[in-house]
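Report on the structure given below.
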């Protein structure tokens with residue numbers, strides 16, 4: 004897996020525009036919502052928090068029709084934002100995959116020039 008830096012990613016507008024803010028680990032593993040409306044998880048990038056080598060990291064997963072794959076890890080995110088995401092309710096985390104907290108999503112959007 005590639006170790007990425009937030010400043011490098013800022014240069015790739017195509018990547019930034021393809022971030023799927025609506026896809027969480029729960030939705031990725033169970034794309035049908037409670038209203039029986041299916042979320043399309045066949046394109047874009049899902050961001051989530053995981054613990055890699057005992058260090059919290061932001062993970063980038065490329066969503067694909069056949070087989071999605073992890074394409075990189077971002078470690079240069081403020082620690083308090085990553086740790087806050089790890090504190091989410093058990094029902095929101097799946098298999099060690101934690102959704103972005105509101106503060107982490109807000110910080111990322113600001114860094115990427117989306118807010």
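Residue numbers (the numbering used here): 4 to 118. For each residue, glycine too, the CB sits at the ideal point set by N, CA and C. Keep in mind the model is a prediction, meaning the values are calculated, not measured.
Three-state secondary structure (DSSP) of residue i
i, result
"residue 59", "strand"
"residue 65", "strand"
"residue 44", "coil"
"residue 72", "strand"
"residue 21", "coil"
"residue 85", "helix"
"residue 107", "helix"
"residue 117", "coil"
Sequence-distant residues of the same chain with beta carbon closer than 8 Å to residue i, five excluded per side
i, result
"residue 75", "4, 5, 6, 7, 62, 63"
"residue 109", "118"
"residue 84", "104, 106, 107, 110"
Residue(s) in a DSSP beta bridge with residue i
i, result
"residue 79", "In DSSP, residue 79 forms no bridge with anything."
"residue 49", "64"
Option in the options with minimal Cα separation from residue i
i, options, result
"residue 56", "65, 32, 69, 78", "78"
"residue 70", "22, 32, 24, 23", "32"
Sequence-distant residues of the same chain with beta carbon closer than 7 Å to residue i, five excluded per side
i, result
"residue 45", "66, 67, 68"
"residue 18", "12, 48"
"residue 115", "13, 19"
Contact set for residue i: own chain, Cβ-Cβ below 6 Å, skip 5 residues either direction
i, result
"residue 27", "102"
*Do the segment 94-105 and the segment 41-57 make contact, defined as three or more Cβ pairs closer than 8 Å?*
Because the criterion of three Cβ pairs below 8 Å is met, the segment 94-105 and the segment 41-57 touch.
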